[in-house]
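Asker: First residue of the sequence shown: 181, per my numbering; consecutive thereafter.
Below you'll find the structure I mean.
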Amino acid sequence: MKGDKGDLDFNAYTIEHLSQATLWLFGAYEIIRVLNDKDFKKKPEMAIYNKYQPEIYSLKLKLARIRMPLAKFAPADKHKGDAHVPTPTFNITHGVAWQITETEWIIRKELSDEMLELLEKIFKETKTE
Numbered sequence: 181m182k183g184d185k186g187d188l189d190f191n192a193y194t195i196e197h198l199s200q201a202t203l204w205l206f207g208a209y210e211i212i213r214v215l216n217d218k219d220f221k222k223k224p225e226m227a228i229y230n231k232y233q234p235e236i237y238s239l240k241l242k243l244a245r246i247r248m249p250l251a252k253f254a255p256a257d258k259h260k261g262d263a264h265v266p267t268p269t270f271n272i273t274h275g276v277a278w279q280i281t282e283t284e285w286i287i288r289k290e291l292s293d294e295m296l297e298l299l300e301k302i303f304k305e306t307k308t309e
């Protein structure tokens with residue numbers, strides 16, 4: 181994005197990047213929530229996902245920890261000591277992260293790496309040619 185003088189407008193870039201990361205987080209949470217849904221798991225054709233439920237549930241909790249305060253301005257149920265409004269951060273090494281306590285950050289790239297790894301494992305097993 182260009183600023184008034186044709187230079188890179190870092191603030192606009194950062195805001196856009198943070199917004200996209202937040203929207204990604206909301207979408208990722210919904211995908212994992214559906215895979216973990218009890219009605220979804222009851223369907224016979226979804227039995228193949230049963231062995232992945234511990235990983236799906238673990239990822240759901242990690243996503244919920246940051247999704248709840250971003251979407252509802254309240255910490256996740258299991259983390260009442262977390263910030264009601266997490267502080268967004270951006271750095272070259274980790275990209276987008278949110279500070280949820282004085283000493284803890286949730287890094288979007290770590291969440292996306294974990295989600296991709298899980299979905300790739302599921303895809304390899306369920307792939308039809």
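Glycine residues also receive a C-beta, built at the ideal position from the N, C-alpha and C atoms.
So, histidine 264 versus alanine 254, is the Cβ gap smaller than 8 Å?
Answerer: Yes, Cβ-Cβ distance for histidine 264 and alanine 254 is below 8 Å.
Asker: How about the region 215-234 and the region 265-277: do they share at least three Cβ pairs that are nearer than 8 Å?
Answerer: Too few Cβ pairs lie closer than 8 Å, so no.
Asker: What is the DSSP secondary structure of methionine 181, counted as helix, strand or coil?
Answerer: For methionine 181, the pLDDT reaches just 46, beneath the cut-off of 50, and the residue's location in the model is therefore unreliable, although a value from the coordinates is still provided. Of the three classes helix, strand and coil, the one that applies to methionine 181 here is coil, per DSSP.
Asker: Counting C-beta neighbours from all protein chains within 10 Å, is the total for lysine 258 16 or more, i.e. buried, or is it exposed?
Answerer: Result: exposed.
Asker: Span of the beta strand (DSSP E) holding phenylalanine 270?
Answerer: Taken as a continuous stretch (DSSP letters only), the beta strand (DSSP E) holding phenylalanine 270 covers 267-271.
Asker: Starting from isoleucine 302, follow the beta strand (DSSP E) in both directions and report where the run begins and ends.
Answerer: It is not in any beta strand (DSSP E) - isoleucine 302 instead sits in the alpha helix (DSSP H) that spans 288-306.
Asker: Are the CB atoms of aspartate 262 and isoleucine 280 within a distance shorter than 8 Å?
Answerer: Yes; because the gap between Cβ atoms is below 8 Å, this pair is in contact.
Asker: Given alanine 277, which residues of its chain have a CB within under 7 Å of its CB, disregarding the five upstream and five downstream residues?
Answerer: Excluding sequence neighbours, alanine 277 sits near Thr269, Trp285, Ile286, Ile287, Arg288.
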